[in-house]
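Visitor: Below is one structure. I have some questions about it.
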Amino acid sequence: MLQYQSCGIFALLCVSLISFTPSCDGGNILVFPVDGSHWINMKVLLEELHARGHNLTVIRASTSWYIPEESPMYTISHFKITNLIETLLDSKYDLVLTDPAIAPGVLLARYLKLPVVLNVRWIPSGEGHLAIAPTPASYIPAPGSGLTDNMTFLQRTKNLFFYGIILFQQRFIVGPHYDVVCQKYFEGECDIISVLQEADIWLFRSDFVFDFPRPTMPNIVYIGGFQCSPAEPLPSDLEEFVQSAGEHGMIIMTLGTLVNALPKEVADTIASIFAKLPQKVGDFKLWMIQHRMVAKYCLTQ
């Protein structure tokens, strides 16, 4: 009888353990984004993190163009807040999520002694792989070179020249600004490249569908296209414009989020060139309305 009671208690205990679902708290994440178009893809990550129950704090300049000061997804910390560093230390964040195209977020994470996750394509001196993975100039084309991975000797010489420009920028133009911060706030020798190399995970906004084969590293996760969403029908006026393009078709020129800063002389030059072409041209101006990118089409023939 005692044996049956013991078996019953054991079975009840097993059922209880199986049915018990342990609680899981969301992370406490400090986000240091880059403004402009970089914010557009960072926001996609924040939306997913928020949906999964993580607590988000975004550091934002008071003069930010695109990063909303109020959002249901996150709270805001301003550069102008007195004793900002003390506030961040007291908040006990689990990690820093940052875009290293402009790298103060990486330096802040090192100062706070926090793990770092990079949402990255570019670093201050060039393409992100240059800091983390071997990049042989013999078969990996430098950004801006216009070359492929199949190069002649002269093309490799050209490629080496482009890499030389990148190294010059890092050593004499970009690097010294970060070196001052490293020397002031961190013990021992370091520079911005070594600080970047300490990042725990690189969420790389690229894919080998678009890039040539190259060495990579275990902590690089390729997320190219993560910001894409299902296609939607064109607005009626644009659909009519496309359908009326005729045999020559149409040209669409897209610009980034800083299109408003395009000098008038440059805009006039572009317009004069388009005017000589037989295709219809759709040009548009982007601006912020309720913190969302909205396109206004000026359809011309």
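Numbered according to mature numbering (1 follows the signal peptide of the UniProt record, and there is no 0), the sequence shown spans residues -26 to -1, 1 to 275. C-beta atoms are modelled at their ideal positions from N, C-alpha and C, and glycine is treated no differently. None of the values given here were measured: they were computed from a predicted structure.
My assumption, with CB atoms under 8 Å, is that V216 sits in contact with M224. Please give the rounded CB distance.
Guide: Indexing the sequence shown from 1 puts residue 216 at position 242. Indexing the sequence shown from 1 puts residue 224 at position 250. About 6 Å separates the two Cβ atoms, so the contact holds.
Visitor: If I follow the unbroken alpha helix (DSSP H) through T243, where does it start and stop?
Guide: In the sequence shown, residue 243 corresponds to position 269, counting from 1. Unbroken alpha helix (DSSP H) run through T243: K238 to A249.
Visitor: State yes or no: is the C-beta of P115 within less than 8 Å of the C-beta of D73?
Guide: Taking the sequence shown and counting its residues from 1, the one referred to as residue 115 is at position 141. Taking the sequence shown and counting its residues from 1, the one referred to as residue 73 is at position 99. Not closer than 8 Å, so no.
Visitor: State yes or no: is the C-beta of I59 within less than 8 Å of the C-beta of L30?
Guide: The residue given as residue 59 occupies position 85 in the sequence shown. The residue given as residue 30 occupies position 56 in the sequence shown. Against a cut-off of 8 Å, the Cβ pair of L30 and I59 comes out as no contact.
Visitor: Hey, which unbroken runs of the alpha helix (DSSP H) at 4 residues or more fall wholly within the region 56 to 110?
Guide: For the region 56 to 110, whole alpha helix (DSSP H) runs of length 4 or above, ordered along the chain, are 58 to 64, 78 to 86 and 103 to 106.
Visitor: According to DSSP, simplified to helix, strand and coil, what is F6?
Guide: Counting from 1 along the sequence shown, the entry for residue 6 is found at position 32. Three-state result, F6: strand.
Visitor: Who pairs with V175 in a beta bridge, going by DSSP?
Guide: Taking the sequence shown and counting its residues from 1, one reaches residue 175 at position 201. The sequence as given places Ile at residue 175; Val does not occur at that position. Answer is V91, bridged to I175.
Visitor: Contact criterion: CB-CB distance below 8 Å. Does T37 meet it with respect to chain B?
Guide: Looking for chain B here will not work: only one protein chain is present.
Visitor: Taking C-beta to C-beta, are S112 and R130 nearer than 8 Å?
Guide: Residue 112 sits at position 138 when you count from the first residue of the sequence shown. Residue 130 sits at position 156 when you count from the first residue of the sequence shown. Yes; because the gap between Cβ atoms is below 8 Å, this pair is in contact.
Visitor: Where does V(-12) sit, in a helix, a strand or coil, going by DSSP?
Guide: For this step, residue -12 is matched to residue 15 along the sequence shown. With a pLDDT of only 49 at V(-12), under 50, the local geometry of the prediction cannot be trusted, and no value is derived from it.
Visitor: Starting from Y196, follow its DSSP beta bridges and name the residues at the other end.
Guide: Translated into the one-based positions of the sequence shown, residue 196 becomes position 222. Y196 is bridged to F178.
Visitor: Does the region 167 to 187 touch the region 85 to 95, meaning 3 or more C-beta pairs lie closer than 8 Å?
Guide: Yes, the region 85 to 95 touches the region 167 to 187.
Visitor: In three-state terms, what does DSSP make of V183?
Guide: Counting from 1 along the sequence shown, the entry for residue 183 is found at position 209. Coil, per DSSP.
Visitor: Counting only runs that start and end within the region 132 to 164, where is the alpha helix (DSSP H) found for 4 or more residues in a row?
Guide: Listed in chain order, the complete alpha helix (DSSP H) runs (minimum 4 residues) inside the region 132 to 164 are 149 to 159.
Visitor: Going by DSSP in three states, S51 sits in which element: helix, strand or coil?
Guide: Position 77 of the sequence shown, counted from the start, is the residue given in the question as residue 51. Strand at S51.
Visitor: DSSP three-state label for I41, please.
Guide: Position 67 of the sequence shown, counted from the start, is the residue given in the question as residue 41. Coil.
Visitor: How do the region 99 to 108 and the region 135 to 147 stand: do at least 3 beta-carbon pairs fall below 8 Å, yes or no?
Guide: Verdict: yes, contact present.
Visitor: Could you tell me the boundaries of the alpha helix (DSSP H) in which V216 lies?
Guide: Position 242 of the sequence shown, counted from the start, is the residue given in the question as residue 216. Segment S210 to Q217, the alpha helix (DSSP H) holding V216.
Visitor: Considering only the alpha carbon of each residue, which of L62, Y40, A35 and E22 lies closest to M47?
Guide: For the purposes of this step, residue 47 is identified with residue 73 of the sequence shown, where counting begins at 1. It is E22.
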